[in-house]
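Quick note on numbering: the working numbering labels position 455 of the sequence shown as 517, and the sequence is numbered without any gaps.
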Amino acid sequence: MAKTSKKTSEIAEPTKKKATKKEVETVAQETPTSPVQLKNVEVFSRFSDFDIDLFKAGKHYRLFEKFGSHITECQGVRGTYFSVWAPSAKSVSVIGNFNYWDKDSHHLFVRWDSSGIWEGFIPHIGKGETYKFCIQTQDGRFLEKMDPYAQSFEVPPRTASIVWDNWYEWTDADWMAKRHKNNSLASPMSVYEVHVGSWRRKEHDEKLTFVELADQLVQYVKYMGFTHIEFMPIMEHPYEPSWGYQVLGYFAPSSRFGTPQDFMYLVEECHKNDIGVILDWVPSHFPGDAHGLYEFDGTHLYEHPDMRKGYHPDWKSYIFNYGRNEIRSFLISNAIYWLERYHADGLRVDAVASMLYLDYSRNDGEWEPNIFGGNHNLDSISLFKELNETVYAQFPDIQMIAEESTSFTGVSRPIYTGGLGFGQKWMMGWMNDTLKYFEKDPMYRRHHQEQLTFSTVYAFTENFMLPFSHDEVVYGKHSLIGKMPGDEWQRFANLRLLFAYMFTHPGTNLIFMGGEFGQTSEWNFEKGLEWWLTDFAPHKGVQDFVKALNNLYKTQAALYDKQFSHEGFEWIDTTDRENSIVVYARKGNDHKDQLIVVLNMTPVPRPDYRIGVPMHGVWAEVLNSDDQAFWGSGKVNQSALIADEIAWQGKAYSIAITVPPLGAVILKVQ
63 MAKTSKKTSE IAEPTKKKAT KKEVETVAQE TPTSPVQLKN VEVFSRFSDF DIDLFKAGKH
123 YRLFEKFGSH ITECQGVRGT YFSVWAPSAK SVSVIGNFNY WDKDSHHLFV RWDSSGIWEG
183 FIPHIGKGET YKFCIQTQDG RFLEKMDPYA QSFEVPPRTA SIVWDNWYEW TDADWMAKRH
243 KNNSLASPMS VYEVHVGSWR RKEHDEKLTF VELADQLVQY VKYMGFTHIE FMPIMEHPYE
303 PSWGYQVLGY FAPSSRFGTP QDFMYLVEEC HKNDIGVILD WVPSHFPGDA HGLYEFDGTH
363 LYEHPDMRKG YHPDWKSYIF NYGRNEIRSF LISNAIYWLE RYHADGLRVD AVASMLYLDY
423 SRNDGEWEPN IFGGNHNLDS ISLFKELNET VYAQFPDIQM IAEESTSFTG VSRPIYTGGL
483 GFGQKWMMGW MNDTLKYFEK DPMYRRHHQE QLTFSTVYAF TENFMLPFSH DEVVYGKHSL
543 IGKMPGDEWQ RFANLRLLFA YMFTHPGTNL IFMGGEFGQT SEWNFEKGLE WWLTDFAPHK
603 GVQDFVKALN NLYKTQAALY DKQFSHEGFE WIDTTDRENS IVVYARKGND HKDQLIVVLN
663 MTPVPRPDYR IGVPMHGVWA EVLNSDDQAF WGSGKVNQSA LIADEIAWQG KAYSIAITVP
723 PLGAVILKVQ
């Protein structure tokens, strides 16, 4: 049964030796008795002929089951199977502590089918073992590369992959059973965006682990009433100042915060507390670290070989070759991996615009038109369609959300209508216009009211999510509260008013951590949030108001039943520019669920201000941003308001209310 020493010697030769199909089916292995004897690599495969055909065609969507390191058993001997795609390599070996990082000890076999896959079984290598692939290029160089499919890595700045598994006994069946409703486009989605390393810090400025976040973060988000957490990239990345957006370990949560199972536990705790989990996903680019994907086998394997398409000038990083079948399988398999193995409830796809346009951040002469002479990247467009079609077919109850900042048509429209097939798209235009408007001194806002109202011209062309994300509170842009004009009282009133407008505007919502309590400093990824500010009434007032808005959003059907349809919104009045007051209605499936929203964008209170209402009856205030409970001035409408048969603003009935300074009033018929 045992192989001869002569055969073992042949396997160890650093040559591109092809294994025959018969050899692949031979799995006998002599059990080694000392580290010196662990130089045997058994011919062993997890790939069927069908797997190879799918991989070459770009249609294999479960490559994580095949590539990488997998703990298994061969003829009664426990060990690890390794495989890697390196079609231009002259030889590939596995190096690690187990063989003293000796590149000549454990050579893999290259398959006979021209797939470019190297593989082999190494006995007595188990969970926790560090390793890399040593790849000999055709010009004789030796590259020490990480495993692109590794499920765990050493804590940076160390760069080795770690043999691991992703087994976990999930106990979130209740959430998974009802997820289709919680993630529905007709359900409330209020998202809290979190950077794991800086949400909160321990003593001595230590980061919280995934397990610690499972207690502290989850309970806070539940208390605040957010429906979902969006994690900025938790995939392994070498450079911490990238905030996770320079990913190398696409199949591994960052070891800075714990093990893969620790992150699974965090997701599970979210689900047990009725909180969905959205993961930032970065298929747009990757860094050029020597141990990473760049020139993986000595050639442009993962990145596009034409640097007009393969290099990102903004981020000094490299762009995947979206037209290469094997890369398409890699990316789609990665998306499915996080949705399946980690029970993610959605992916927010980063930098979609940079993938859609060939001339993105490029000057004339720095890009090449597509075959039709246009600037659209046809390969990435087809990838998005295939990606969304595939993941929604397997996980119909998740959400795919695009961060797309241009007017590209149909990002969140079905593929059969010509769209890209995403579930939602970030409404970047609304965010920019809204912040520019609120940054203006209230006395000048009457000249810029169109910045506030223009969004509804295109609000229903996509399924929009309204984002106040991390990008708006860094690099000298100031914190949200820092953008607001006026004295201290006015700044906090403006911030509450901003959030009221956000939550009552059509679409879903996203707030970056710290904004919900008016953090005064810009976000710093190296520090925890300024939680001590919540001891002060102005900040606590904003925090309590966001909590009240979340409750309002989840309990008032008018805010979510038709949040992506023009049927769910109506302007009642946009003509009062002099007072900078706007009035609009939000509508649900039942006409009695209708809400009337009145926003006063100046610090001047307006008593006895008449507004049109759609029906007779008794109207009551359900939320007022100027309530003293939120550190407001207390200009509220305490008594019931009986509609008068006085036609006003195009309505048959009207009521006279007190409109608070820099305040929002939300009314509902009783």
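Virtual Cβ for every residue (Gly too), placed ideally from N, Cα, C.
Query: C-alpha distance - arginine 558 paired with proline 665, whole-angstrom precision; Result: 13 Å
Query: Segments assigned alpha helix (DSSP H), at least 4 residues, entirely inside the segment 457 to 508; Result: 490 to 501
Query: Pairwise C-alpha distance: phenylalanine 607 and glutamate 298; Result: 36 Å
Query: Alpha-carbon to alpha-carbon, phenylalanine 522 and histidine 628; Result: 6 Å
Query: Beta carbon of asparagine 525 nearer than 7 Å to that of glutamine 461; Result: no
Query: Contact the segment 143 to 153 vs the segment 173 to 188: 3+ CB pairs below 8 Å; Result: yes
Query: Proximal residues to threonine 271 (C-beta, below 8 Å), its chain only, five neighbours per side dropped; Result: Phe319, Gly320, Asp324
Query: Contact under 7 Å by Cβ, glutamine 511 with arginine 672; Result: no
Query: Cβ neighbours of tryptophan 226 in the same chain (closer than 7 Å, five flanking residues each side left out); Result: Lys189, Gln213, Ser214, Pro322
Query: Alpha carbon of asparagine 571 to alpha carbon of valine 253, nearest angstrom; Result: 6 Å
Query: C-beta contact flag for alanine 705 and valine 675 at 7 Å; Result: yes
Query: Three-state class that DSSP yields for glycine 569 in the structure shown; Result: coil
Query: Whole-angstrom distance between valine 105 and methionine 251, CA atom to CA atom; Result: 50 Å
Query: Rounded C-alpha distance that separates phenylalanine 288 from aspartate 359; Result: 45 Å
Query: Neighbour flag for leucine 514 against chain B, beta carbons, 7 Å; Result: You won't find chain B in this structure, because it holds only one protein chain.
Query: Whole-angstrom distance between glycine 202 and arginine 220, CA atom to CA atom; Result: 25 Å
Query: Beta-carbon spacing of lysine 463, tyrosine 123 below 7 Å; Result: Just to set this straight, residue 463 is isoleucine in the shown sequence, not lysine. No, they are not a contact pair.
Query: In DSSP terms, what cysteine 196 is bridged to; Result: Ser155, Glu206
Query: Own chain residues within Cβ distance below 6 Å of lysine 284, not counting five before or after; Result: Asn335
Query: Residue environment, valine 217, which counts as buried when at least 16 other CB atoms sit within 10 Å; Result: exposed
Query: Between the CA atoms of alanine 314 and glutamate 388 - distance to the nearest angstrom; Result: 20 Å
Query: Whole-number beta carbon distance between serine 531 and phenylalanine 574, since they are thought to touch under 8 Å; Result: 5 Å
Query: Beta-carbon proximity of aspartate 688 to glycine 694, cut-off 7 Å; Result: yes
Query: Cβ contact check for the segment 498 to 513 and the segment 449 to 460: 3 or more pairs under 8 Å; Result: no
Query: Between the CA atoms of lysine 264 and alanine 610 - distance to the nearest angstrom; Result: 29 Å
Query: Distance between beta carbons of aspartate 412 and aspartate 342, contact taken as under 8 Å; Result: 6 Å
Query: Methionine 238, enclosing alpha helix (DSSP H) - first and last residue; Result: 235 to 244
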